[in-house]
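All remarks here apply to the structure that follows.
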Amino acid sequence: MTTSAPEIKPQAGTFADAVAAWRAGALDEARTRCARLIAANAQDADAWHLAGILETARDRRAARTLIERALALREDPNFLVSLALTYDPATEAQGAFAALERALAIRPDFSIALNNLANLYTAQGDFPRALAAFERALALTPDYAGAHYNYGSALFASGDAARAEAPLRRAVALDAGYVNAWNNLANVLIALQRTDEAMAALDHARTLTPESADVLTNLGCLLRARGRHAEAQAALERALVLAPRNASAWNNLGNVLVDLSRIDAARAAFTRALELKPRFASAWSNLGNAHKHAGDIESALASYREALACEPGSIGAHSNYVYALMFATDDGHTIRSAAGQLSAQHEAALLAQPVAHATVPDAVRRLRIGYVSPDFRTHCQMLFTTPLFHHHDHAAFEIVCYSSVASPDEVTARLAAHADLWRDVREFDDARLAQQIHADRIDILVDLTMHMDGARRLMFARRPAPVQVAWLAYPGTTGSAAIGWRLTDPWLDPVGAPGVDDQYTERSLRLPDAFWCYDALAPGIEVTGLPALAAGHDGHLTFGCLNNPCKLTGATLALWAGVFAALPTARLVLMAPPGAARERLVARLGAPGRAWRRCGARALRGLSGARGLSAHLGANRHRARHVSLQRPYHEPRRVLDGRAGAHARGPLGGEPRRPLAARQPGAAGAGRAHRCRVRRDRGVARARSGTPRHTARGPARAHGGLAANGRRTLCAQYGSGLPAHVARLVRARAAGERLKSPSRGVGEWRGAAKCPRLAPRSRQAGTGCPRNCKRNNGAVRSTGGERPLRLARRLRIGPP
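With my numbering as the guide, the letters of the sequence shown map in order to residues 12 to 811.
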C-alpha cells in the first residue's frame, strides 16, 4: 500500500529551501534548515510540521511530539494526516484512525486522508470499508495514481483479482514509472493465469528499477511456474541479497528448492520466512509440503494445521491437509470427514447456487466427456491416461481435454492428438473455466486431480457439467457434493462389503478387472537374463520401491525389515531426496552402518551392516523426461527378473488366491484408506491371472518362506515373459471398452445425479431420491430411485 504524504506548500525564504532539500533527499540539510526556522520563530507551525515529517523515519514518537506542537499552533488537516503516519498500524491503529477522522471532519473532500484511511482499513482486513473509502477518494480525485494503486491492491488482497486489474492499469497509465503498480499488476495477472502479460509487466518494472527486491521476488515466482528453476532461484537469491528480511522471497525460494528436491534447504527457507512473519499461512502450508516430500507426515499435518490457524479460509492449505491425511491413517471414514469439512467450508456458497444445463439425455447421440488436469505432460499420470485416450470409442464419445499444463511438452502433444477438442486453459481461473465447460455442453466431466497439486475444487463446485466424476488421481474421495461419481473396481471396493461405500461421498462405478490401464511408453530397456542367476553374480536379489517417501508407512517398513532379515544378501532400492529425508528413512529402516556407493550414473546412498542390507536412495527424478523418468523404476526389476517393471505394479507379496468378495466380511480391511486398497487390487490381479503368490499369509510366515527358498522361488516365478497380472493392465483396447458402458450409463442417468432433493449422502447409501423426483426443467429429466446394485447391472459393470 502507498500511504500518501500530506500537502506541503513552500513559502518564501528559508522554509522553501527546507522543503526543496527534503524533496531532493537531502534530509540532514532539511533538518538543519527547520531547526534554524524554529529557533528564529517558535510560532512557525509549518516548520514544526516539516521537522516532524523529517523525524518520522527515525523516531515515530519524537516525530509525533513535533507534529503535535504544530497542531497546537494551527489545526490543519495536513498536519493531522502526518500525525496519523507516526502511529504503528499494527499496534497503534486507533491513534491513526482518530487523526484521520479529525482531518476529514475539517475537510471532508480531502482525498489524501480518505486514501490513508482506506489503507488502515485494509491493514485491519476490513475490505468493505476500505474499498468504499478508496472509491470516495477516486470520485473526488480521478487522476490520483496512488489511490488507484491502493484500490487495486486492496481488491487483490480481498480475493477479487478480476476487478483489481483495471485500477492497477489506470495507475500505470497515470504514472508510467510507478514500479509498485507494475509489480502488483503482475501479481494480479499471475493470479488470473495470464502469465505472458505478467512477464511483460515485470520486465517493464525491471527496466525502471533493476534491483527491486519485490520485482525480483515476483519474477522468481513466475519463472518457477514456467519450469525455469535455475533462473527462478537466481532471481530470488538476488532479491534476498537486496532485502534479507523479505519473507515472501524466502517462501518462494523454498518452493523452488522443493521442486529441485533440495528439501533440507527448502525447509530452512520456509523456517526463515516464518521467523520473519510468524503468521504467514502460505509459508506454513509450503513447509508442510516440504515435510511431506521428506516423508515426515506428522510434521506436514502439523504445518497445515498452523496454516489454517493463520488463514482459516485457505483452501490450498486445507486441500493439502486432506491429501496428506491419507498417508497418516488407514481409516477412510476419517479422511471422508476431513474432505467433507473442506467442502462445507469452501464450496457451500457455490453449491447453493442453482445451475441449469442445456445438455439433453440421449441414449443415441455421442456423449461429450471432458477431462480436467494440470498434468497432461511428462508425469506419471500420463502413463494411465495415454492408453485410455488412444482407445476411447470416438464413435460413441467426443473427448474434450482441459489442460492447465504450465509448460507443454511432447507428451502434451501426444495426448492432444487423441482428443476431439483440446483446450489450453492454463490462464483460466475457476469461474472462467467453468463457463467454458458449460458452453462446451459437456455431459460428463472427469476430475483427474482431486486434492493433489493443481486441483480445481472451486471450479467443480460450480457444476459446469450435469455429471461429474473423480478418477485416477488416487482411490479416495473428494468429499465434495459436486462430484457425484467415482470410478473404481470390485477389488478396490468389494461390492456389499461392510463399510466400503461409506468411505466416499460419491457413488462408485465399478469397472471389471481394474480401474486403470498402464502404458509402458516403450522406453527401450533391453530384456536381459536374470542377474541373480548369472555367472559370476553373487546371487543377491534387489528389490525396488520407487515411490515418494510419504507413502512408506511404519507397518510397511517393519515388514521389509523382516524380509531382509530372511534374505541377508538382498538389497533394497528406494527413492528419497538427499539430506535429512534419507537419513530419516534409513533410521526408520533400522539398518546399521553406513557407506557411500555409486550405481550406474546416479549417486546413491547405500547402507550395509551385519545383515547385508543395502538401501540405495535415489536422487531427484521430478524434472526427468519420460525415458529417464522410468529408468530408475526399471533397474530394480532388471536385477530381480530381467524385465522392466510397471509403475505401481512391481513384484508384490500378498495373499490373493481367492477374490475379496469371498472373504470373511471385514477381513480385507474394509474401511481402510487408498493405499491398502491398492495393495489388495494388485494382489487380486495376481490371483485372477493365476500368478503364484510370493509369500504366505501373515508377516511371520512370509519371512519364513523367503528365508527357506526366497531367491529360487522368486526367480522361478519371474524367469521369462511379462507377468500375467501386468499383462492385464496393459490391454489398452480392453480398458477403453471397459469404460464405454459405464460412461454411457452415467450419461443416461445424469438426471438422477442432479436431482435437487437427492443429497450426496443418500445417493451414496443407495437410497435414491426419497420422492422419486420426476421433473422436467426444459433441459434434464430426473428419474431417481434405482439402487446401486440394480444400476450396476443396468450399466453392465461390477464383478464378471
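Beta carbons are placed, not taken as given, at the ideal position from N, Cα and C, and that holds for glycine. Here the structure is a predicted model, which means the values were calculated and not measured.
| Query | Result |
| --- | --- |
| Please look up how many angstroms separate the CB atoms of M470 and L432, rounded, as I've assumed it's under 8 Å. | The pair is not a contact, with the Cβ atoms about 18 Å apart (cut-off 8 Å). |
| Just to confirm my understanding: we take Q204, look at its own chain, exclude 5 residues before and 5 after, and list those with CB closer than 7 Å. What are they? | R437, E438, F439, D440 |
| Would R468 and W482 be called neighbours here (beta carbons separated by less than 8 Å)? | no |
| Check each candidate in K288, R290, G299 and name the one with the smallest Cα separation from N266. | G299 |
| Using only the alpha-carbon positions, how far apart do P255 and S296 sit? | 21 Å |
| Can you look up Y382 in the DSSP assignment and give me helix, strand or coil? | strand |
| If you draw a straight line from the C-alpha of D270 to the C-alpha of H240, how long is it? | 8 Å |
| For E112, name the three-state secondary structure that DSSP assigns. | helix |
| Can you find the residues in the same chain that come closer than 6 Å, C-beta to C-beta, to Y162, ignoring five residues on each side of it along the sequence? | F145, P178 |
| Going by other Cβ atoms of all chains shown within 10 Å of its Cβ, with 16 needed for buried, is G231 buried or exposed? | buried |
| What's the call for N331, buried or exposed, on a 16-neighbour Cβ count within 10 Å? | buried |
| T97 lies in the beta strand (DSSP E); which residues open and close that run? | Where T97 is concerned, there is no enclosing beta strand (DSSP E), given that its DSSP letter is neither H nor E. |
| Cβ of C561 within 8 Å of Cβ of K303? | yes |
| When the Cα atoms are used, what is the spatial distance from E79 to A292? | 39 Å |
| Determine the direct distance from the alpha carbon of D464 to that of I380, and round the result to whole angstroms. | 22 Å |
| Beta-carbon within less than 6 Å of R42's beta-carbon, same chain only, minus the 5 sequence neighbours each way: which residues are those? | L65 |
| Whose C-beta lies closer than 8 Å to the C-beta of V333 among residues of the same chain, with five residues either side of it excluded? | I346, A349, A350, L353, H462, G490 |
| Can you tell which of R237, L253, H405, L596 has its C-alpha closest to the C-alpha of E222? | L253 |
| For A592, I'd like the list of residues in its chain whose CB is within less than 7 Å of its CB, leaving aside the five on either flank, ordered along the chain. | I274, A305, G306, P560 |
| Please list, in chain order, all residues of the same chain as G327 whose beta carbon is under 7 Å from its beta carbon, the five residues on each side excluded. | S296 |
| Using DSSP with H/G/I as helix, E/B as strand and the rest coil, what is I453? | coil |
| Identify whether S414 lies in helix, strand or coil by the three-state DSSP scheme. | strand |
| Report the three-state DSSP secondary structure of R636 (helix, strand or coil). | In this prediction, R636 scores a pLDDT of 34, lower than 50, which makes its location untrustworthy; no coordinate-derived value is stated. |
| Please state if the CB of T499 and the CB of R521 are separated by a distance shorter than 8 Å. | yes |
| I'd like to confirm something about R72: is its beta-carbon nearer than 7 Å to some heavy atom of the ligand SAH, or not? | For the ligand SAH, the structure offers nothing, since it holds no ligand at all. |
| Decide if H405 is buried, meaning its Cβ has at least 16 other Cβ atoms within 10 Å, or exposed. | exposed |
| May I ask you to report which of helix, strand or coil DSSP gives A29? | helix |
| At the level of alpha carbons, what is the spacing between I49 and D120? | 31 Å |
| Helix or strand or just coil, what does DSSP make of E309? | helix |
| Could you give the residue range of the beta strand (DSSP E) that holds T553? | 553-556 |
| Within its chain, find whatever has a CB closer than 7 Å to the CB of N229; leave out the 5 residues flanking it on each side and keep chain order. | N194, A197, N198, L213 |
| What residue range is occupied by the uninterrupted alpha helix (DSSP H) comprising L469? | 468-472 |
| Cutting at 7 Å between CB atoms, please list the residues of its own chain near P771, excluding the five before and the five after it. | Bear in mind that a pLDDT of 39 at P771, under 50, signals an unreliable position, so the model cannot answer this. |
| Does the distance from the CB of Q392 to the CB of L459 come in under 8 Å? | yes |
| Ignore the nearest five residues each way along the sequence and tell me which others in L247's own chain have a CB closer than 6 Å to its CB. | G231, A260, N263, L264 |
| Pick helix, strand or coil for S815, following the three-state DSSP scheme. | There is simply no residue 815 to check, as the chain begins at 12 and stops at 811 in what is shown. |
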